[in-house]
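K.L.:
The listed protein sequences correspond, in order, to chains W and Y.
One point on numbering: in UniProt numbering, the residue at position 112 of the first sequence is 112, and numbering is uninterrupted.
One point on numbering: in UniProt numbering, the residue at position 386 of the second sequence is 386, and numbering is uninterrupted.
Here it is: the structure, laid out below.
Number of protein chains: 2
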Amino acid sequence: MNLDTDRFLQDLDTLRRIGAYKTGVHRPTYSPEDMESRRWLMQRMAEIGLEPTIDGIGNVLGRHRGPGPHLLAGSHLETQNHAGWLDGALGVVGGLALARAGLPVDVCAYADEEAHFGSGFLGSRSLIGALSEEEIDASRNRFDGTPLRDALAAAGLAGLPRLSLEEGRYKGALEMHIEQGTQLENGGLRIGVVTGIVGVRQWLIAFEGRQDHTGGTTMAERRDAGVAAMRLLHAIDTEFPRQCGERTTWTTGRIVLEPNAPHIIPGRAEVTFQFRDISTEVMDRLEATLRALVRESNRRDRCPATLTPLSRAEPAPCDPAMMRALTEAAEDLAPGAFQPMPSGAIHDSQHIARKLPVAMLFVPSKGGISHHWTEDTDRDDLVLGMKVLAEGARRFLG
Amino acid sequence: MNLDTDRFLQDLDTLRRIGAYKTGVHRPTYSPEDMESRRWLMQRMAEIGLEPTIDGIGNVLGRHRGPGPHLLAGSHLETQNHAGWLDGALGVVGGLALARAGLPVDVCAYADEEAHFGSGFLGSRSLIGALSEEEIDASRNRFDGTPLRDALAAAGLAGLPRLSLEEGRYKGALEMHIEQGTQLENGGLRIGVVTGIVGVRQWLIAFEGRQDHTGGTTMAERRDAGVAAMRLLHAIDTEFPRQCGERTTWTTGRIVLEPNAPHIIPGRAEVTFQFRDISTEVMDRLEATLRALVRESNRRDRCPATLTPLSRAEPAPCDPAMMRALTEAAEDLAPGAFQPMPSGAIHDSQHIARKLPVAMLFVPSKGGISHHWTEDTDRDDLVLGMKVLAEGARRFLG
């Protein structure tokens with residue numbers, strides 16, 4: 001194994017210039033910048049002897065030409081809007097470095113992990129056979145409403161076949177990623193060996209009220225959808241801490257009032273709500289709590305609330321043998337500076353885990369910031385993470 | 001006096017076709033449809049012998065050519081987006097009917113009562129000298145951000161002089177309007193003689209948090225601006241009913257989370273909040289309550305909240321002599337079917353009241369609905385309102 005960490009950093013620096021925004025990157029899925037980054041990746045793959053393909057959903061796969069057993073290594077190239085330079089890119093460039101070091105690794109950039117379209121993870125779900133043509137037909141860009149089919153056509157991907165994971169080819173799949181939290185930083189640690197990826201259940205909660213003038217409608221007469229939404233969110237804020245697990249998170253990321261005008265009582269409110277946990281049991285309990293709170297809202301408030309599941313990802317435990325290889329590598333290369341930890345964020349590996357043993361390695365995020373252009377990680381930590389990933393892969397491949 | 005109520009209804013029917021949307025009207029301020037309605041009004045004014053002018057902020061004034069004492073009568077022509085056919089239009093067309101009946105009435109359509117730009121009431125505030133050139137420079141369309149200066153230029157109004165109320169010309173100002181509530185309908189009444197117009201204080205409450213990934217950031221680490229906003233709104237929901245007056249209203253019409261994406265913790269939240277009351281004392285008490293709740297939020301929550309006044313309109317009592325004239329007219333024409341009542345909505349008359357005695361007459365709104373295309377009033381009620389308005393004006397002019 002001949003790991004070139006300078007070239008690894010150079011590749012990250014080159015990639016961050018494609019769609020550069022302040023010190024971060026703006027590379028929405030299928031945008032010209034995103035497609036440029038995919039072409040750049042295919043050129044790098046070809047340079048180091050991998051066989052590059054782009055498929056009908058935008059996945060870029062670079063196949064190792066030698067004998068196996070093979071590892072699959074990768075992550076995603078597109079970013080959230082005006083986001084960071086490492087989220088996704090680190091795992092792809094890290095996979096490239098493994099292959100360049102001579103390991104029998106296929107490198108993959110999974111398309112749309114960041115959910116610019118529909119519920120996201122289009123690429124990893126397509127690879128495992130969990131993305132139907134009907135879902136592609138129905139999906140739209142969540143910012144501007146562009147149909148996914150139109151976006152694929154504009155990116156030159158329409159009509160290309162979609163790849164599937166080749167049965168029996170891989171011993172496992174690896175993904176290096178920034179932590180997107182502050183557990184490592186706060187603990188003075190440099191490496192996280194991921195024990196599993198949390199599940200996430202995401203919901204649309206919609207409230208139907210009546211749009212009225214704010215002045216002429218007495219408080220007693222109103223059906224204010226915004227007030228009903230606020231009361232339910234307050235009930236969640238009160239009740240979830242009593243029902244959650246140790247590392248559960250829950251978030252209202254999106255609220256839309258209609259018409260959202262200062263002098264008009266909101267006639268409709270939409271809330272996008274999610275919770276995450278590593279335990280299915282905890283998630284079942286929280287789902288029951290949420291359903292009970294919505295029922296209570298419907299008994300108490302004048303604006304009917306409806307609860308619609310938007311997406312659901314099951315928790316994915318990491319493979320013990322792969323974790324062991326990474327842990328041994330960390331003991332050698334970062335003694336006393338690593339820990340096992342769950343991933344609170346979901347990743348492509350969560351979907352790949354339905355077909356293959358998976359493992360993930362975390363490096364620290366400065367200030368825990370991600371999905372923002374100020375996201376950053378020390379270059380020393382990037383290099384250390386790369387070394388542990390490579391040594392862990394070497395040991396696992398045996 | 002020779003009141004033509006058929007022609008009055010015809011004018012309303014003609015006007016609702018300009019910018020028709022379903023059974024309502026979409027005539028945003030300075031849009032082509034709004035400007036067409038202003039030109040239509042100037043033609044009607046000229047037909048009945050008034051001298052029409054449009055000024056540099058879009059006010060249309062039709063001056064009576066005969067001797068005084070004069071009344072000023074009017075309301076506004078633009079509408080909220082996709083709103084009703086009577087809100088504003090009724091007062092303008094009602095004024096036109098007074099002038100056509102031979103009364104010494106100047107008719108005015110005040111521009112942008114509906115606050116498409118800045119804090120609204122551009123026309124009535126301009127007429128009383130309460131709209132500065134600096135405010136015009138700084139104002140933008142609140143939906144698309146178009147600078148007010150650009151909108152005035154596109155409407156052909158740039159460079160026209162702005163009118164001022166002529167000192168000593170008017171004995172008072174009258175405005176007929178739909179109730180925008182259900183007090184009349186629920187009481188089986190057909191006429192409201194307005195006793196005064198509520199004051200309104202409007203605020204921007206902004207919360208600064210930190211934008212982070214929803215999965216990787218533990219609940220304890222978060223600075224979720226959306227949660228902080230929700231908690232303050234819940235405190236208002238709990239505390240305001242204990243501090244308010246009999247007819248106080250309070251409303252959160254607008255909430256904006258940034259970036260408002262399902263998987264990102266809101267880094268910033270903006271809330272537009274207002275309250276209304278007929279009593280300055282009650283409003284002072286509510287303002288003190290609001291300030292205390294924001295201070296409490298800043299002691300308790302991790303996301304600093306700032307409270308910024310956006311607009312403030314003082315309560316405006318109606319003129320006793322004008323109210324008496326309208327009440328006597330209602331006793332004759334609608335015995336047992338009228339009541340005195342405050343206006344919970346603000347109107348151009350609130351600003352005109354700073355210079356002239358004012359009075360307002362309400363007709364019922366079906367279901368209390370306004371600012372929505374389903375807004376409506378029975379034609380019999382419109383005609384009765386018109387008759388009471390005319391008879392009240394005749395008596396007041398004496």
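Heads up, the beta-carbon is just placed ideally off N, CA and C, and yes, glycines get one too.
Per DSSP, what kind of secondary structure is N2 (chain Y) in: helix, strand or coil?
P.N.:
As a first step, residue 2 (chain Y) is located in the second sequence; it is residue number 2 there, counting from the start. Correct three-state label for N2 (chain Y): coil.
K.L.:
Does the count of Cβ pairs from the segment 70-88 of chain Y and the segment 8-28 of chain Y closer than 8 Å reach three?
P.N.:
The answer is yes - the segment 8-28 of chain Y touches the segment 70-88 of chain Y, with three or more Cβ pairs under 8 Å.
K.L.:
Using a Cβ-Cβ cut-off of 8 Å, state whether T280 (chain W) counts as contacting chain Y.
P.N.:
As a position in the first sequence, residue 280 (chain W) is number 280, starting the count at 1. Not one chain Y Cβ lies under 8 Å of T280 (chain W).
K.L.:
Bridge partners for T280 (chain Y) per DSSP, in chain order?
P.N.:
Counted from its first residue, the second sequence places residue 280 (chain Y) at position 280. Its beta-bridge partners do not exist; DSSP assigns none.
K.L.:
Can you tell which of Y:G368, Y:R394, Y:K366, Y:H351 has the C-alpha that lies nearest to the C-alpha of S119 (chain Y)?
P.N.:
Along the second sequence, read from residue 1 onward, the residue named residue 119 (chain Y) stands at position 119. Closest option to S119 (chain Y), Cα to Cα, is Y:H351.
K.L.:
Using the beta-carbon of each residue, which ones in chain Y are nearer than 7 Å to S75 (chain W)?
P.N.:
Position 75 of the first sequence, counting from 1, holds the residue named residue 75 (chain W). Near S75 (chain W) there are no residues of chain Y at all, since even the closest Cβ is about 14 Å away, more than 7 Å.
K.L.:
Let's test the definition: count the other Cβ atoms within 10 Å of the Cβ of Q43 (chain Y) and tell me whether it reaches 16, buried, or not, exposed.
P.N.:
In the second sequence, residue 43 (chain Y) corresponds to position 43, counting from 1. The residue in question, Q43 (chain Y), is exposed, as its Cβ has fewer than 16 Cβ neighbours within 10 Å.
K.L.:
For residue 449 (chain W) and S31 (chain Y), what's the separation of their Cα atoms in angstroms?
P.N.:
With chain W covering only 1 through 398, there is no way to say anything about residue 449 (chain W).
K.L.:
Look up I205 (chain Y) in the DSSP assignment and say whether it is helix, strand or coil.
P.N.:
Translated into positions along the second sequence, residue 205 (chain Y) becomes position 205. Looking at I205 (chain Y) - three-state DSSP - the assignment turns out to be strand.
K.L.:
On the CB-based measure, 16 or more other CB atoms within 10 Å of its CB, does R300 (chain W) come out buried or exposed?
P.N.:
Taking the first residue of the first sequence as position 1, residue 300 (chain W) is located at position 300. Answer is exposed; the Cβ neighbour count stays below 16.
K.L.:
May I ask you to list, following chain order, the residues of the segment 255-270 of chain Y that have a beta carbon less than 9 Å from some beta carbon of chain W?
P.N.:
I255, V256, L257, P259, N260, A261, P262, H263, I264, I265, P266, G267, A269
K.L.:
Comparing C-alpha positions only, which one of Y:I54, Y:S75, Y:A334, Y:G267 sits nearest to P304 (chain Y)?
P.N.:
Residue numbering aside, residue 304 (chain Y) sits at position 304 when the second sequence is read from its first letter. The option with the nearest alpha carbon to P304 (chain Y) is Y:G267.
K.L.:
Below 7 Å CB to CB, which residues in the same chain sit around S370 (chain Y) once its five sequence neighbours on both sides are set aside?
P.N.:
As a working mapping, residue 370 (chain Y) is identified with position 370 in the second sequence. Only G84, D87, I178, Q180 meet the Cβ criterion.
K.L.:
Return helix, strand or coil for K366 (chain Y), following the three-state DSSP convention.
P.N.:
Against the second sequence, residue 366 (chain Y) aligns to sequence position 366. Looking at K366 (chain Y) - three-state DSSP - the assignment turns out to be helix.
K.L.:
Could you name the residues of the segment 360-374 of chain Y whose beta carbon sits closer than 7 Å to any beta carbon of chain W, in the order they occur along the chain?
P.N.:
G368, I369, S370, H371, H372
K.L.:
Does chain Y have any CB closer than 8 Å to the CB of L86 (chain W)?
P.N.:
Taking the first sequence and counting its residues from 1, the one referred to as residue 86 (chain W) is at position 86. Output row for L86 (chain W): interface = no.
K.L.:
In chain order, what residues of the segment 327-345 of chain Y put their CB closer than 8 Å to some CB of chain W?
P.N.:
S343, G344, A345
K.L.:
Of the residues that make up the segment 200-224 of chain W, which ones have a beta carbon closer than 9 Å to any beta carbon in chain Y?
P.N.:
V200, Q202, R210, Q211, D212, H213, T214, G215, G216, T217, T218, M219, E221, R222, D224
K.L.:
Does any C-beta atom of chain W lie closer than 8 Å to the C-beta of V294 (chain Y)?
P.N.:
The count along the second sequence starts at 1 and reaches residue 294 (chain Y) at position 294. No, because no Cβ of chain W sits closer than 8 Å to the Cβ of V294 (chain Y).
K.L.:
If you follow the alpha helix (DSSP H) that S124 (chain W) is in, where does it begin and where does it stop?
P.N.:
Taking the first sequence and counting its residues from 1, one reaches residue 124 (chain W) at position 124. Secondary structure note for S124 (chain W): its alpha helix (DSSP H) is the uninterrupted segment 122-127.
K.L.:
With a threshold of 7 Å on Cβ separation, who are the neighbours of D137 (chain W) within its own chain once the five nearest residues in sequence on each side are excluded?
P.N.:
Within the first sequence, the letter at position 137 stands for residue 137 (chain W). Excluding positions up to five away in sequence, the list reads R149.
K.L.:
Could you check where the beta strand (DSSP E) with K171 (chain Y) kicks off and where it finishes?
P.N.:
Reading the second sequence from its first residue, position 171 is the one you call residue 171 (chain Y). Element bounds for K171 (chain Y): 170-178.
K.L.:
On the DSSP bridge assignment, give the partners of P52 (chain W) in chain order.
P.N.:
Here residue 52 (chain W) corresponds to residue number 52 of the first sequence, with the count starting at 1. Residue pairing for P52 (chain W): DSSP places it in a beta bridge opposite W:G62.
K.L.:
Run the CB neighbour count on S126 (chain Y), radius 10 Å, all protein chains shown included, and call it buried at 16 or more, exposed below.
P.N.:
For the purposes of this step, residue 126 (chain Y) is identified with residue 126 of the second sequence, where counting begins at 1. Buried, by the Cβ-count rule.
K.L.:
Alpha helix (DSSP H) containing D34 (chain Y): first to last residue?
P.N.:
In the second sequence, residue 34 (chain Y) corresponds to position 34, counting from 1. 32-47 is the span of the alpha helix (DSSP H), which, as asked, contains D34 (chain Y).
K.L.:
Does DSSP put N260 (chain Y) in a helix, in a strand, or in coil?
P.N.:
Walking along the second sequence from the start, residue 260 (chain Y) turns up at place 260. Three-state DSSP puts N260 (chain Y) in coil, outside helix and strand.
K.L.:
Taking 8 Å as the threshold (beta carbon to beta carbon), is V193 (chain W) in contact with chain Y?
P.N.:
Counting from 1 along the first sequence, the entry for residue 193 (chain W) is found at position 193. With 8 Å as the cut-off, V193 (chain W) does not count as an interface residue toward chain Y.
K.L.:
On the three-state DSSP scale, how would you describe E270 (chain Y)?
P.N.:
As a first step, residue 270 (chain Y) is located in the second sequence; it is residue number 270 there, counting from the start. DSSP places E270 (chain Y) in strand when its eight states are reduced to three.
K.L.:
By the criterion of Cβ-Cβ separation under 7 Å, what are the contact partners of L233 (chain W) in chain Y?
P.N.:
Indexing the first sequence from 1 puts residue 233 (chain W) at position 233. M230, listed in chain order.
K.L.:
Does the distance from the CB of L103 (chain W) to the CB of A393 (chain W) come in under 8 Å?
P.N.:
One-based indexing of the first sequence puts residue 103 (chain W) at position 103. One-based indexing of the first sequence puts residue 393 (chain W) at position 393. In this structure, the beta-carbon distance from L103 (chain W) to A393 (chain W) falls below 8 Å.
K.L.:
Just mark K22 (chain Y) as buried or exposed, buried being the case when its beta carbon has 16 or more other beta carbons within 10 Å.
P.N.:
Reading the second sequence from its first residue, position 22 is the one you call residue 22 (chain Y). Classification of K22 (chain Y): exposed, given that the 10 Å Cβ count is below 16.
K.L.:
When Cβ atoms are compared, which residues of the segment 105-118 of chain Y fall closer than 9 Å to chain W?
P.N.:
E114, A115
K.L.:
Would you check if the segment 307-318 of chain Y and the segment 200-207 of chain Y touch, i.e. whether three or more CB-CB distances between them fall below 8 Å?
P.N.:
Contact holds: three or more Cβ-Cβ distances are below 8 Å.
K.L.:
So, under 8 Å CB-CB, R247 (chain W) and T218 (chain Y) are touching, yes? Tell me the CB distance rounded to an integer number of Å.
P.N.:
To locate residue 247 (chain W), count along the first sequence from 1; it is residue 247. To locate residue 218 (chain Y), count along the second sequence from 1; it is residue 218. That pair is a contact at about 7 Å.
K.L.:
Here's the rule I'm using: 16 or more other beta-carbon atoms within 10 Å means buried, otherwise exposed. How should Q10 (chain Y) be labelled?
P.N.:
Within the second sequence, residue 10 (chain Y) is the residue found at index 10, counting from 1. Classification for Q10 (chain Y): exposed.
K.L.:
At 9 Å on the CB atoms, spell out the chain Y contacts of D237 (chain W), in chain order.
P.N.:
Start at 1 with the first residue of the first sequence, and residue 237 (chain W) comes out as number 237. Near D237 (chain W) (Cβ distances below 9 Å), the residues of chain Y are V227, M230, R231, H234.
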